[in-house]
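Novice:
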Amino acid sequence: MRYFKRTLVSIAMSIALFAASSVPENAQSEEPKAVNIGFVLYTKSRTPGTLTARWNYANHYFGPGLATGGPDEGFAGNYHVRYFYENGKFSDEYDLKVKQNGSFFDVTWLVDGVVQARGVGMLIEEGAALAVGWRRVDD
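Residue numbering for the sequence shown follows the working numbering, beginning at 195 and increasing consecutively.
#1: Who are the near neighbours of Ala325 in its chain, counting only those whose CB is closer than 7 Å to its CB and skipping five residues on each side?
#2: Taking its Cβ as the centre, do 16 or more other Cβ atoms sit within 10 Å of Gly296, making it buried, or is it exposed?
#3: Grab the span of the beta strand (DSSP E) containing Gly307 for me, first residue to last.
#4: Under the three-state reduction of DSSP, which class applies to Gly321: helix, strand or coil?
#5: Short of 7 Å in beta carbon distance, which residues of its chain neighbour Pro265, apart from the five on each side in sequence? Order them along the chain.
#6: Closest to Ala228 by CA distance: which of Gln310, Tyr255, Lys293 is it?
#7: Under the assumption that Lys291 contacts Phe299 (Cβ atoms under 8 Å), give the Cβ distance between them as a whole number of angstroms.
#8: I need the DSSP call for Ala221, collapsed to helix, strand or coil.
#9: What runs of the alpha helix (DSSP H), each 4 residues or longer, lie entirely inside the segment 229 to 273?
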């Protein structure tokens with residue numbers, strides 16, 4: 195009986211080694227690629243022309259932000275926005291353009307005049323916040 199158990203263990207180990215060595219390189223599991231989708235919620239701060247942000251990119255990166263230089267009323271206008279990670283470290287900064295398009299908003303993030311991301315948004319919480327879905331772009 196002891197010989198039989200050792201033989202079974204030996205066979206199982208041989209099968210496991212063979213299976214591990216016979217997996218093609220391109221079939222090895224990889225971490226899924228992050229989706230190119232983000233979300234940001236802007237709310238008016240007490241300082242006119244300033245928005246506070248809570249952002250998320252691909253459910254992997256997230257944190258607060260602050261947009262300044264905008265209009266005293268509403269959300270449509272031009273801002274300069276700085277984003278931070280949850281741990282407080284700086285993430286990115288952009289020129290932010292928010293344009294009303296009927297009951298929705300077209301949102302663009304630029305660096306040195308070059309578009310980096312585009313999004314669409316809508317007012318929520320009876321107009322107290324602007325919710326925006328966005329993605330990074332190459333143009």
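Each residue gets a CB set at the ideal place from its N, CA and C atoms; glycine is no exception.
Being a predicted model, the structure only gives us computed values, none of them experimental.
Specialist: On the basis of the data shown:
#1: The residues Leu235, Gly315, Met316, Ile318, in chain order, have a CB closer than 7 Å to that of Ala325 in the same chain once the five nearest residues on each side in sequence are set aside.
#2: Exposed, because fewer than 16 other Cβ atoms sit within 10 Å of the Cβ of Gly296.
#3: Where Gly307 is concerned, there is no enclosing beta strand (DSSP E), given that its DSSP letter is neither H nor E.
#4: When DSSP states are grouped into helix, strand and coil, Gly321 belongs to the helix group.
#5: Gly243, Gly271.
#6: Looking from the CA of Ala228, the closest CA among Gln310, Tyr255, Lys293 belongs to Tyr255.
#7: The Cβ separation is near 10 Å, so there is no contact.
#8: The pLDDT assigned to Ala221 is 45, lower than 50, so where the model puts this residue is not dependable; a value taken from the coordinates is nonetheless given after this. Helix at Ala221.
#9: For the segment 229 to 273, not one full-length alpha helix (DSSP H) segment reaches 4 residues or more.
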